[in-house]
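Worksheet: the structure to be examined is printed underneath.
As structure tokens, this is what we get:
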């Protein structure tokens, strides 16, 4: 097993380290950012990192009759213009680029409106050379926000994808994205991207919805782990629960503050709990709602000589954080109510899985 695990991660690192082909990728939309200064716009090569980012309402500025996007229109309450949209794309790409010197192999995203915004994001200066394939499906979420996955073609190909519905007693929520990615060395990695129901109506009142999402994900994971092999799995997302909440620790069995806490997953973010910051802050209280977990088989490749360490944490670049006069350090978001912050990024920090 050690040799195969070593091969998997060596292949992963090799695939992610391939220099992307030269040449420009231009947008079909004239207002969008174009490729520019590398120092300003982030990495221009591919690295062995995986990033998850809740983008805080990445909407375009055009009306979609199938979603409730009225606030995100030029005449809407948020005065969401093409220029603001283009700048938001640059900010999100820049934040993703803060994960390290290279563009990620895999990028999981939450709160994206549609496929167009993913295409536009992948064309920005910081991400264009990643040559990302898009995994996305419009959901029935009432806010019109979806989950998505970007897969660098230098890393691998998407061999299969499905969107797992989360049945609720009332209302609807985002499905769970499951993609099977085959690396250049013909190794397969199962990737799950999540955005579980929010706590907006109260933590207790909405707990059952997140438990339902956890049960759907657990069932899907059981199928993968019961396949007779030792699969390579990455689970990431905005779970709207922390590592110690029942949906993660009891239903999903997603690991805790030790390497032996989980059933078959290791919650890498939970191991970072001594850090005073998390990935999101409510009223000055930081939480790790955004998490990355991996299968034990993937973690076992540490120390093989090909991979020295695997870890995950939120990206705490000071450019992503501002000092609130009442609550202290906070994610520098795009909107506070209806007040627009041009220099903001999102109300979440990105989380990154690093393989060094």
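Numbering (this note's numbering), first residue to last: 1 to 356.
Yeah, the Cβ is synthetic: ideal placement off N, Cα and C, and Gly gets one too.
From a predicted model like this one, the values you see are computed outputs, not experimental measurements.
Rounded straight-line distance, which links the Cα of residue j to that of residue i
{"i": "residue 69", "j": "residue 59", "result": "8 Å"}
{"i": "residue 87", "j": "residue 342", "result": "8 Å"}
{"i": "residue 53", "j": "residue 212", "result": "22 Å"}
{"i": "residue 230", "j": "residue 210", "result": "27 Å"}
{"i": "residue 72", "j": "residue 142", "result": "14 Å"}
{"i": "residue 25", "j": "residue 77", "result": "Any answer about residue 25 is weak, because its pLDDT of 32 lies below 50 and its placement is not dependable; what the coordinates show is given next. Approximately 33 Å between the Cα atoms of the pair."}
{"i": "residue 200", "j": "residue 245", "result": "17 Å"}
9 Å Cβ cutoff met for residue i and residue j
{"i": "residue 148", "j": "residue 135", "result": "yes"}
{"i": "residue 172", "j": "residue 216", "result": "no"}
{"i": "residue 348", "j": "residue 124", "result": "no"}
{"i": "residue 110", "j": "residue 174", "result": "yes"}
{"i": "residue 99", "j": "residue 355", "result": "no"}
{"i": "residue 345", "j": "residue 320", "result": "yes"}
{"i": "residue 106", "j": "residue 180", "result": "no"}
{"i": "residue 362", "j": "residue 251", "result": "Since the first residue of the chain shown is 1 and the last is 356, residue 362 is not available in this structure."}
{"i": "residue 353", "j": "residue 292", "result": "yes"}
{"i": "residue 184", "j": "residue 234", "result": "no"}
Coarse secondary structure for residue i, derived from DSSP in three states
{"i": "residue 70", "result": "helix"}
{"i": "residue 222", "result": "helix"}
{"i": "residue 122", "result": "helix"}
{"i": "residue 91", "result": "helix"}
{"i": "residue 129", "result": "helix"}
{"i": "residue 318", "result": "helix"}
{"i": "residue 156", "result": "strand"}
{"i": "residue 8", "result": "Because residue 8 sits at a pLDDT of 49, beneath the cut-off of 50, its placement in the model cannot be relied upon, and the following sentence gives the value as read from the coordinates. Helix at residue 8."}
{"i": "residue 187", "result": "coil"}
{"i": "residue 108", "result": "strand"}
{"i": "residue 328", "result": "strand"}
{"i": "residue 233", "result": "strand"}
{"i": "residue 84", "result": "helix"}
Below-9 Å beta-carbon distance, residue i vs any chain C residue
{"i": "residue 71", "result": "Absent here is chain C; the protein component of the structure consists of one chain."}
6 Å CB neighbourhood of residue i in its chain, flanking five on each side removed
{"i": "residue 115", "result": "136"}
{"i": "residue 286", "result": "277, 278"}
{"i": "residue 189", "result": "181, 232"}
{"i": "residue 390", "result": "Nothing about residue 390 can be reported from this structure: the residues present for the chain run from 1 to 356 only."}
{"i": "residue 57", "result": "111"}
{"i": "residue 298", "result": "232"}
Whole-Å CB distance - residue i paired with residue j, under 8 Å assumed
{"i": "residue 113", "j": "residue 145", "result": "7 Å"}
{"i": "residue 350", "j": "residue 95", "result": "6 Å"}
{"i": "residue 220", "j": "residue 168", "result": "Going by Cβ atoms, the distance from residue 220 to residue 168 rounds to 17 Å, so no, they are not a contact pair."}
{"i": "residue 194", "j": "residue 239", "result": "6 Å"}
{"i": "residue 108", "j": "residue 237", "result": "7 Å"}
{"i": "residue 203", "j": "residue 178", "result": "Incorrect: roughly 27 Å between the Cβ atoms, too far for contact."}
{"i": "residue 160", "j": "residue 130", "result": "That belief does not hold up - the Cβ atoms of residue 160 and residue 130 are roughly 21 Å apart, past 8 Å."}
Residues of its chain near residue i, where Cβ-Cβ distance is below 7 Å and the 5 sequence neighbours each way are ignored
{"i": "residue 328", "result": "284"}
Heavy atom of the ligand FMN within 8 Å of residue i beta-carbon
{"i": "residue 322", "result": "Summarising the ligand content, the structure contains no ligands, and the ligand FMN is consequently not present."}
Own chain partners of residue i with C-beta closer than 8 Å, once the 5 adjacent residues on each side are dropped
{"i": "residue 64", "result": "113, 114, 144"}
{"i": "residue 81", "result": "61, 74"}
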